[in-house]
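Enquirer: Shown below is the structure under consideration.
Numbering (my numbering), first residue to last: 1 to 129.
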């Protein structure tokens, strides 16, 4: 990773300012390309209305509520989270916060975090004399 290394901070409790209930932490895949970071996370059953994403002071925060499944089923085990969820990522310097994009499709949240042009690698041409 580059100087804009993402430091993932898993948080089990949202700050009082945002929410004061216990949460579960959804998992995300993270990868870096030359011009952007990408995050992909599974949020089954969550709609865009139940999802909040905020970027402030170099920190990306994702929170919302996964609704309980319908029906009267007694599960042997239940691995998908339901209820409140929260996840935060410390992005460091160099993310262009005005150009962050988020798409929720079929229960998968995809985020694109473009790097600010000033921190992207620049190819320098070498002249022969």
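Cβ coordinates follow ideal geometry from the N, Cα and C atoms, glycine included.
#1: Do residue 40 and residue 85 have their C-beta atoms within less than 8 Å of each other?
#2: Let me know if residue 73 comes out buried or exposed under the rule of 16 or more other beta-carbons within 10 Å of its beta-carbon.
#3: Identify every residue that forms a DSSP beta bridge with residue 55.
#4: Our contact map puts residue 59 next to residue 91 with C-beta atoms below 8 Å; I'd like the distance itself, whole angstroms only.
#5: Where does the unbroken beta strand (DSSP E) through residue 30 begin, and where does it stop?
#6: Going by the CB atoms, is the gap between residue 113 and residue 37 shorter than 8 Å?
#7: Do you know how far the Cα of residue 98 is from the Cα of residue 57?
#8: Return the chain-ordered list of same chain residues with a C-beta closer than 6 Å to the C-beta of residue 94, the five sequence neighbours on each side being excluded.
#9: Going along the chain, which residues of its own chain have a beta-carbon closer than 6 Å to the beta-carbon of residue 207, five neighbours each way excluded?
#10: By DSSP, does residue 108 sit in helix, in strand, or in coil?
Expert: For this structure:
#1: no
#2: exposed
#3: 60
#4: 7 Å
#5: Note, residue 30: beta strand (DSSP E), 28–32.
#6: yes
#7: Taking the straight line joining both Cα atoms gives about 12 Å.
#8: 4, 115, 116 and 119
#9: Past the boundaries of the shown model lies residue 207; the chain is included only from 1 to 129, so the question cannot be answered.
#10: strand
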